[in-house]
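J.: This structure is in structure tokens; I'll ask about it shortly.
There are 2 protein chains.
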Amino acid sequence: MTIPEPGTGRRRTMTRDELRVWRRFLETSEQLRNVVTGRLQDESGLSSGDYGVLLALSEQPEKRMRSSQLAQHIGWERSRLSHHLGRMERRGLVQREPVAGDSRGAVVALTTDGAQLFRAASAPHLRVIHETFVRALSAQQLAALDDAMTALAAHLPAR
Amino acid sequence: MTIPEPGTGRRRTMTRDELRVWRRFLETSEQLRNVVTGRLQDESGLSSGDYGVLLALSEQPEKRMRSSQLAQHIGWERSRLSHHLGRMERRGLVQREPVAGDSRGAVVALTTDGAQLFRAASAPHLRVIHETFVRALSAQQLAALDDAMTALAAHLPAR
DNA sequence: AGGCTACAGTTGACATGTCAATCATCCACT
DNA sequence: AGTGGATGATTGACATGTCAACTGTAGCCT
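Those protein sequence lines, which keep their order, are chains G and U. Residue numbers 1 to 159, in the working numbering, belong to the letters of the first sequence in order. Residue numbers 160 to 318, in the working numbering, belong to the letters of the second sequence in order.
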């Protein structure tokens with residue numbers, strides 16, 4: 001990549017190189033995600049959605065959480081969560097319970113099976129992340145990537 | 160981020176910081192993808208899959224391509240492409256035609272409508288990429304991101 | 001010709017996502 | 001108490017993905 005001469009000001013259109021970086025970013029991040037979630041699936045039968053839900057619940061002291069708080073915590077729409085919880089409940093990973101004091105609400109609770117599966121899945125999952133992500137980068141590259149992601153996130157439109 | 164003392168050798172497990180970088184990478188790349196594809200959808204009614212297919216076909220001299228070559232070109236499984244082409248064909252964006260000389264095969268051809276829609280969608284789409292991705296990064300950050308993506312891609316298991 | 005294997009593509013079943021509509025309850029206000 | 005708008009969550013319709021099974025044809029080999 002060539003770095004444009006300074007003092008030129010921001011361009012209004014993209015160069016070929018910039019577009020190439022975008023495409024590489026898009027493609028590589030997707031492949032990486034697929035590798036990691038594919039191995040999670042193979043090794044423990046959990047999808048990345050399952051993992052996120054189980055992780056959030058595991059972190060709660062009571063291993064349970066109000067449905068909309070969970071949705072907010074993991075950044076999902078409530079409808080998406082509702083569908084997903086239905087599938088997870090069918091598999092016995094979580095359980096929905098009524099809330100004392102608000103009959104509209106629902107609490108999502110980790111089941112014993114769910115907690116167990118999550119525990120078993122975690123270490124291998126973290127190992128895969130280490131192998132495919134951390135190990136692929138030098139410490140400097142990792143820091144630079146973090147920096148770039150932070151800049152991108154800061155520039156994202158407000159959710 | 161703290162950079163670990165050199166000469167320590169590669170760790171076997173992840174630090175909290177490394178995991179944080181992974182999560183930020185995962186989350187930010189997903190949000191960014193959603194913003195860009197969401198705007199493409201809003202502005203032109205094309206999904207990112209549609210766009211990829213139309214882009215590949217547009218780049219062909221004859222605006223047509225063998226189905227499996229297309230799948231290979233954009234890195235999709237044939238079954239995924241087949242389903243997607245069915246939907247695109249229903250919308251009149253592409254057309255499947257028999258191949259002279261191989262009655263098993265199919266050629267996917269861009270329709271007039273498909274070509275037109277793709278042309279109309281391109282400039283706004285590139286503008287969104289510029290606004291949300293390129294503009295969010297300094298030239299150095301962009302170069303560093305490219306470098307990190309290249310390292311990650313090189314380290315991916317063979318497709 | 002007959003038969004085997006590889007190839008090209010499609011199909012069906014199912015998981016995952018989005019969007020808009022719906023349902024029930026809660027709460028604030030009169 | 002009564003009602004109307006917010007809130008919590010689910011539902012249905014549909015787009016998108018994956019996987020495995022299937023269909024039909026091509027290309028060999030004998």
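A virtual CB, placed ideally from N, CA and C, is assigned to each residue, including glycine.
Of all the CB atoms in chain G, is at least one closer than 7 angstroms to the CB of residue 202 of chain U?
T.: Here residue 202 of chain U is taken as the residue at index 43 of the second sequence, counted from 1. False, the Cβ-Cβ gap to chain G never drops below 7 angstroms.
J.: Tell me the residue span of the alpha helix (DSSP H) that contains residue 313 of chain U.
T.: Mapped onto the second sequence, residue 313 of chain U falls at position 154. Run containing residue 313 of chain U: 298–314, per the alpha helix (DSSP H) assignment.
J.: Taking only beta-carbon atoms, is residue 212 of chain U less than 7 angstroms away from chain G?
T.: Numbered from its first residue, the second sequence carries residue 212 of chain U at position 53. Output row for residue 212 of chain U: interface = no.
J.: Would you report the Cα separation of residue 134 of chain G and residue 140 of chain G, rounded to the nearest angstrom?
T.: Counting from 1 along the first sequence, the entry for residue 134 of chain G is found at position 134. Counting from 1 along the first sequence, the entry for residue 140 of chain G is found at position 140. Rounded to the nearest angstrom, the two C-alpha atoms are 11 angstroms apart.
J.: Applying a beta-carbon distance threshold of less than 9 angstroms, which residues of chain G neighbour residue 192 of chain U?
T.: For the purposes of this step, residue 192 of chain U is identified with residue 33 of the second sequence, where counting begins at 1. Going along chain G in sequence order, the residues near residue 192 of chain U (Cβ under 9 angstroms) are 26, 29 and 30.
J.: Determine, for residue 94 of chain G, whether the minimum Cβ-Cβ distance to residues of chain U falls below 7 angstroms.
T.: In the first sequence, counting from the first residue as 1, residue 94 of chain G sits at position 94. False, the Cβ-Cβ gap to chain U never drops below 7 angstroms.
J.: One question on the structure: do residue 215 of chain U and residue 205 of chain U come within less than 7 angstroms of each other, judged by their Cβ atoms?
T.: Residue numbering aside, residue 215 of chain U sits at position 56 when the second sequence is read from its first letter. Residue numbering aside, residue 205 of chain U sits at position 46 when the second sequence is read from its first letter. No; because the gap between Cβ atoms is not below 7 angstroms, this pair is not in contact.
J.: Nearest to residue 269 of chain U by alpha carbon, out of U/218, U/237 and U/234?
T.: Mapped onto the second sequence, residue 269 of chain U falls at position 110. It is U/218 whose Cα lies nearest to the Cα of residue 269 of chain U.
J.: Pull up the distance between the alpha-carbon of residue 126 of chain G and that of residue 173 of chain U, whole angstroms please.
T.: Residue numbering aside, residue 126 of chain G sits at position 126 when the first sequence is read from its first letter. Residue numbering aside, residue 173 of chain U sits at position 14 when the second sequence is read from its first letter. Approximately 8 angstroms between the Cα atoms of the pair.
J.: Quick check on residue 65 of chain G: does DSSP put it in helix, strand or coil?
T.: Taking the first sequence and counting its residues from 1, the one referred to as residue 65 of chain G is at position 65. If DSSP states are grouped into helix, strand and coil, residue 65 of chain G belongs with the strands.
J.: Excluding the 5 residues preceding and the 5 following residue 88 of chain G in the sequence, name in chain order all residues of the same chain whose CB lies nearer than 8 angstroms to its CB.
T.: Looking up residue 88 of chain G in the first sequence gives position 88. For residue 88 of chain G, where only same-chain residues beyond five positions count, the Cβ hits under 8 angstroms are 50, 53, 94 and 114.
J.: Determine the DSSP secondary structure at residue 206 of chain U, reduced to helix, strand or coil.
T.: Locating residue 206 of chain U in the second sequence gives position 47, counting from the first residue. It is coil, neither helix nor strand.
J.: In this structure, what does DSSP give as the bridge partners for residue 269 of chain U?
T.: Translated into the one-based positions of the second sequence, residue 269 of chain U becomes position 110. U/253.
J.: Quick one: is residue 21 of chain G buried, meaning 16 or more other Cβ sit within 10 Å of its Cβ, or exposed?
T.: Numbered from its first residue, the first sequence carries residue 21 of chain G at position 21. Residue 21 of chain G should be labelled buried.
J.: At 9 angstroms on the CB atoms, spell out the chain G contacts of residue 177 of chain U, in chain order.
T.: Position 18 of the second sequence, counted from the start, is the residue given in the question as residue 177 of chain U. The contacting residues are 129, 130, 133, 134 and 142.
J.: Mapping the DSSP letters down to three states, classify residue 7 of chain G as helix, strand or coil.
T.: As a first step, residue 7 of chain G must be located in the first sequence, where it is residue number 7. With a pLDDT of 49 at residue 7 of chain G, under the threshold of 50, the predicted position of this residue should be treated as unreliable, though the coordinate-derived value follows. It is coil, neither helix nor strand.
J.: Can you look up residue 291 of chain U in the DSSP assignment and give me helix, strand or coil?
T.: Locating residue 291 of chain U in the second sequence gives position 132, counting from the first residue. In this structure, residue 291 of chain U counts as helix in the three-state DSSP scheme.
J.: What separation, rounded to the nearest whole angstrom, lies between the Cα atoms of residue 7 of chain G and residue 83 of chain G?
T.: Taking the first residue of the first sequence as position 1, residue 7 of chain G is located at position 7. Taking the first residue of the first sequence as position 1, residue 83 of chain G is located at position 83. Residue placement at residue 7 of chain G cannot be trusted, given a pLDDT of 49 that sits under 50; the coordinates are not used to answer.
J.: Would you mind working out which of U/313, U/239, U/317 and U/267 sits nearest residue 223 of chain U, comparing C-alpha positions?
T.: Residue mapping note: residue 223 of chain U aligns to position 64 of the second sequence, counting from 1. Nearest of U/313, U/239, U/317 and U/267 to residue 223 of chain U, Cα basis: U/267.
J.: Taking the beta carbon of residue 177 of chain U as the centre, do at least 16 other beta carbons fall within 10 Å, making it buried, or is it exposed?
T.: Locating residue 177 of chain U in the second sequence gives position 18, counting from the first residue. When all chains shown are included, residue 177 of chain U counts as buried.
J.: Can you tell me whether residue 121 of chain G is buried or exposed, with buried defined as 16 or more other CB within 10 angstroms of its CB?
T.: For the purposes of this step, residue 121 of chain G is identified with residue 121 of the first sequence, where counting begins at 1. Residue 121 of chain G should be labelled buried.
J.: Taking the straight line between their C-alpha atoms, what separation do you get for residue 231 of chain U and residue 239 of chain U?
T.: Residue mapping note: residue 231 of chain U aligns to position 72 of the second sequence, counting from 1. Residue mapping note: residue 239 of chain U aligns to position 80 of the second sequence, counting from 1. Each residue's alpha carbon lies about 12 angstroms from the other.
J.: In this structure, what does DSSP give as the bridge partners for residue 261 of chain U?
T.: Within the second sequence, residue 261 of chain U is the residue found at index 102, counting from 1. Answer is U/258, bridged to residue 261 of chain U.
J.: In chain G, what lies closer than 7 angstroms to residue 316 of chain U by C-beta?
T.: On the second sequence, position 157 is the one that residue 316 of chain U refers to. Residues of chain G passing the Cβ test: 35.
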